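Numbering (the working numbering), first residue to last: 18 to 243.
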């Protein structure tokens with residue numbers, strides 16, 4: 018997933034960014050509401066994590082502004098304000114969930130997994146196609162009864178393909194979901210990771226799941242997906 022953090026406390030933003038990157042998410046950071054709005058209107062994100070109390074534009078105003086622009090990216094409000102009225106105000110402004118500081122990082126990850134179902138048509142925590150199974154909680158990958166070791170980035174790429182089974186994803190779309198802004202200029206990085214992924218999940222099997230659509234990009238197809 019590509020995630021935007023809008024948080025003016027740099028220590029907290031750095032902590033969240035580092036943790037999410039360890040989970041193979043692509044993460045960009047904005048340090049005030051106006052900068053956050055600029056990022057949101059410039060790039061497509063799978064999730065936005067935003068604080069409420071920020072300079073230049075607070076989180077409530079930012080959330081309301083992007084909803085008025087018909088941007089429906091899931092928003093997780095992250096704030097020290099825990100009064101019921103504050104939570105209601107955030108949700109009424111268009112937020113999808115609310116997490117109060119301080120928080121356990123594993124709870125943040127659980128809420129991200131729940132919100133991610135919004136952009137994946139409600140698919141559950143296990144994806145399957147052609148005998149290939151991907152467990153999004155334990156992060157285990159199995160095909161034909163054999164466990165396959167994937168790096169975090171390979172896992173993220175495979176998850177993106179499997180959540181979009183049968184749909185062609187361009188290199189640009191893949192890069193925008195898997196890598197952050199700093200990596201978008203590395204034009205061949207997608208092809209390199211596709212080759213690595215094919216070697217691990219397709220090479221030993223007769224049915225090849227990852228397919229190249231010439232001039233368009235890549236897709237995964239075959240068997241039955243759940």
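For each residue, glycine too, the CB sits at the ideal point set by N, CA and C.
All values derive from a computational prediction rather than experimental measurement.
Give me the Cα-Cα distance between residue 92 and residue 220, rounded to the nearest whole angstrom.
-> Cα-Cα distance, rounded: 39 Å.
Can you name, in chain order, every residue of its own chain whose Cβ lies under 8 Å from the Cβ of residue 228, other than the five neighbours on each side?
-> When the five nearest sequence neighbours on each side are left out, the beta carbons in the same chain lying within less than 8 Å of the beta carbon of residue 228 are those of 235, 236, 237, 238, in order along the chain.
Could you tell me whether the stretch 79-95 touches the stretch 106-123, using the rule of 3 or more Cβ pairs below 8 Å?
-> Contact between the stretch 79-95 and the stretch 106-123 is present, because at least three Cβ pairs lie under 8 Å.
Can you have a look at residue 184 and say buried or exposed, based on whether 16 or more other CB atoms are within 10 angstroms of its CB?
-> Residue 184 should be labelled exposed.
Alpha carbon to alpha carbon, how far is residue 102 from residue 171? Give it in angstroms, no decimals.
-> Looking at the two C-alpha atoms, the distance is approximately 42 Å.
Excluding the five sequence neighbours on either side, which residues of its own chain have a C-beta within less than 7 Å of the C-beta of residue 233, listed in chain order?
-> Result list for residue 233: 185, 187, in chain order.
Between which two residues does the alpha helix (DSSP H) carrying residue 210 extend?
-> Residues 206-218.
Exposed unless 16 or more other CB atoms sit within 10 angstroms - verdict on residue 34 = When all chains shown are included, residue 34 counts as buried.
Alpha helix (DSSP H) containing residue 103: first to last residue?
-> Element bounds for residue 103: 101-109.
Using beta-carbon positions only, say whether residue 71 and residue 109 come within less than 8 Å of one another.
-> Against a cut-off of 8 Å, the Cβ pair of residue 109 and residue 71 comes out as no contact.
Nearest-angstrom Cα separation, counted from residue 28 out to residue 120 = Their Cα atoms are separated by approximately 14 Å.
Residue nearest to residue 23 in terms of C-alpha spacing, selected from 76, 59, 161 | Closest option to residue 23, judged by alpha-carbon separation, among 76, 59, 161: 76.
Which listed residue (49, 169, 175) has its alpha carbon closest to that of residue 30 | Answer by Cα proximity: 49.
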